[in-house]
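Numbering (the numbering used here), first residue to last: 617 to 694.
Just so you know, even glycine gets a beta-carbon here, dropped at the ideal spot from N, CA and C.
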């Protein structure tokens, strides 16, 4: 949902990229580099906020995956 929000907000200002995580990363990089005539400062702020949330979510998912893998390795049932 966060990736779709990033894509949608950027598309409103003509910034488009491929679907998926790579496309979202590309949009965030282009957002940082865009001037105010391409992307107003308030829109840039929104995209950056969404990017920060996405980065935090990815980190949380990775941490949970590590915990799940550790549990799986210790479990006799698995």
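>> Helix, strand or coil, according to DSSP, for residue 655 in the structure here?
In response: coil
> Any contact of the region 648–657 with the region 628–639, i.e. 3+ C-beta pairs under 8 Å?
Replying inline: yes
> According to the neighbour-count rule (16 or more other Cβ atoms, all chains shown, within 10 Å of its Cβ), is residue 663 buried or exposed?
Replying inline: buried
> Just the Cα atoms here: how many angstroms apart are residue 639 and residue 680?
Replying inline: 24 Å
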